[in-house]
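At position 106 of the sequence shown (counting the first as 1) the number is 170 in my numbering, and the numbers step up by one without a gap.
All C-beta atoms in this analysis are idealised placements derived from N, C-alpha and C, irrespective of residue type, glycine included.
On a predicted model such as this, the values are computed, not experimentally measured, just so you know.
Only one structure is covered here, and it is reproduced in the block below.
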Amino acid sequence: MRIGIISDIHSNMEALNTVLEGLRGDVDEIICLGDIIGYGPNPRECCDIVRDNKIYSICGNHDSACYDDSLIDYFNPLAREAIIWTRSQLTQDYLDYLRRLPFEDVLYGLRIVHGAPGEPFEYITTIQDARAAFISFDEDVCFIGHSHIMEYFELKKGSVIIRQLPLRNKQELSLEEDKRYIINTGSVGQPRDGDPRSACIIYDTSEKRLTAHRVPYKIDIVQKKMQLKGLPQILWERLGVGR
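Spelled out as structure tokens, the structure:
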């Protein structure tokens, strides 16, 4: 089975549609690792696209903050402003949909979570973070998002040495039986690894091989929408630089 894995759409409809167009016909199923909404100008439309395409999604911190008032204070001022605006765009039907999303799951032997296993809103960005995460799940492979940085952590079984490595466009990675992996798929709608192109991964479950993809989309259209809707300037400016 070939699975398309995406994350951190962040209400960026143009990016999402472009990524899905590239995945169609090349994968059997698509999984989203959360943060369908937040930051961008089209939260309703992105929820509709995910639902209409029967994409199985995990709940991200931005998704959760739209229906759980207790989480709003954990966000920085810019993210908080975007969440408040996003809430104002969502009817109860959308909030109920987001509330039903699981925080963590195992599909096809793969652990999937937005942030970290057992701590769905925590980040894994360092080897120290990964060390704690590896002891929190039993599977050999865990796919995550949250940091918006496409990379992976590799741990040889029986060893304590962890490697942290980037994933580049078109890079293929064959997963080895004697190793465990935490793989960050990057972000569809707001990359932060210096590459403004959308990120996604295709994983072949039979061959245990993944391919990283970066997909250009019409960033200027999204930026204009965000300006017109009064979203913070830094949020639309960063789309152009991938930071």
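Quick check on Tyr245: does DSSP put it in helix, strand or coil?
Here residue 245 refers to the residue found at position 181 when the sequence shown is read from its first residue. Tyr245: strand per DSSP, three-state reduction.
Which two residues bound the contiguous beta strand (DSSP E) that contains Glu240?
In the sequence shown, counting from the first residue as 1, residue 240 sits at position 176. Per DSSP, Glu240 belongs to no beta strand (DSSP E) and is neither H nor E.
Can the beta-carbon of His178 be found closer than 9 Å to that of Gly102?
Residue numbering aside, residue 178 sits at position 114 when the sequence shown is read from its first letter. Residue numbering aside, residue 102 sits at position 38 when the sequence shown is read from its first letter. In this structure, Gly102 does not lie closer than 9 Å to His178 by Cβ.
For the candidate residues Ala263, Arg244 and Glu203, whose alpha-carbon lies nearest to that of Leu231?
As a first step, residue 231 must be located in the sequence shown, where it is residue number 167. If we check each option's Cα against that of Leu231, Ala263 comes out closest.
Starting from Gln228, follow its DSSP beta bridges and name the residues at the other end.
Translated into positions along the sequence shown, residue 228 becomes position 164. Partner(s): Phe217.
Could you tell me which of Ile246, Leu295 and Asp157 sits nearest to Leu219, measuring between CA atoms?
Locating residue 219 in the sequence shown gives position 155, counting from the first residue. Ranking Ile246, Leu295 and Asp157 by Cα distance to Leu219 puts Ile246 first.
CA-CA distance, Ala276 and Pro260?
As a working mapping, residue 276 is identified with position 212 in the sequence shown. As a working mapping, residue 260 is identified with position 196 in the sequence shown. For Ala276 and Pro260, the distance between alpha carbons rounds to 15 Å.
In whole angstroms, give me the CA-to-CA distance for Pro141 and Gly294.
Counting from 1 along the sequence shown, the entry for residue 141 is found at position 77. Counting from 1 along the sequence shown, the entry for residue 294 is found at position 230. Rounded to the nearest angstrom, the two C-alpha atoms are 15 Å apart.
Relative to the ligand ADP, is the shortest distance from any of its heavy atoms to the C-beta of Asp90 smaller than 8 Å?
The ligand ADP is absent from the structure shown, which contains no ligands of any kind.
For the alpha helix (DSSP H) containing Cys130, list its first residue and its last residue.
Stepping through the sequence shown from its first residue, residue 130 is reached at position 66. It is not in any alpha helix (DSSP H) - Cys130 carries neither H nor E in the DSSP assignment.
How many Å lie between Phe198 and Thr249 at the Cα?
Indexing the sequence shown from 1 puts residue 198 at position 134. Indexing the sequence shown from 1 puts residue 249 at position 185. Distance between the alpha carbons of Phe198 and Thr249 is about 17 Å.
Between which two residues does the alpha helix (DSSP H) carrying Val286 extend?
For the purposes of this step, residue 286 is identified with residue 222 of the sequence shown, where counting begins at 1. That run of the alpha helix (DSSP H) goes Ile283 to Leu292.
From the DSSP output, read off the bridge partner residues of Ser262.
The residue given as residue 262 occupies position 198 in the sequence shown. Paired residue(s): Val279.
Beta carbon of Tyr131, beta carbon of Arg163: below 9 Å?
The residue labelled residue 131 in the question sits at position 67 within the sequence shown. The residue labelled residue 163 in the question sits at position 99 within the sequence shown. It is a contact, given that the beta carbons lie within the stated cut-off.
In terms of DSSP beta bridges, what is Leu174 paired with?
By 1-based counting over the sequence shown, the position of residue 174 is 110. According to DSSP, Leu174 bridges with Leu171 and Val205.
Looking only at C-alpha atoms, which of Cys110, Thr82 and Gly306 sits nearest to Tyr161?
As a first step, residue 161 must be located in the sequence shown, where it is residue number 97. When each option's Cα is compared against that of Tyr161, the closest is Cys110.
Looking only at its chain, what residues have a beta carbon closer than 7 Å to the beta carbon of Leu299, apart from the 5 residues adjacent to it on each side?
On the sequence shown, position 235 is the one that residue 299 refers to. Hits under 7 Å: Tyr103, Leu142, Ala146 and Met290.
Are the CB atoms of Pro166 and Arg175 nearer to each other than 9 Å?
Locating residue 166 in the sequence shown gives position 102, where the first residue counts as 1. Locating residue 175 in the sequence shown gives position 111, where the first residue counts as 1. Contact: no.
From the DSSP output, read off the bridge partner residues of Cys96.
Counting from one through the sequence shown, the residue named residue 96 turns up at place 32. Beta-bridge pairing links Cys96 to Ile70 and Ser121.
Once DSSP output is grouped into helix, strand and coil, what is the label at Leu84?
Numbered from 1 along the sequence shown, position 20 holds the residue referred to as residue 84. Leu84: helix per DSSP, three-state reduction.
Kindly identify the DSSP beta-bridge partner or partners of Arg273.
Here residue 273 is taken as the residue at index 209 of the sequence shown, counted from 1. Arg273 pairs with Ser238 and Asp268.
So the alpha helix (DSSP H) Gln297 belongs to, where does it begin and stop?
Within the sequence shown, the letter at position 233 stands for residue 297. Unbroken alpha helix (DSSP H) run through Gln297: Gln297 to Glu301.
Spatial neighbours of Met77 within its chain, please: CB distance less than 6 Å, with the 5 preceding and 5 following residues excluded, ordered by chain position.
Within the sequence shown, residue 77 is the residue found at index 13, counting from 1. So the list reads Asn106, Glu109 and Cys110, once near-sequence residues are dropped.
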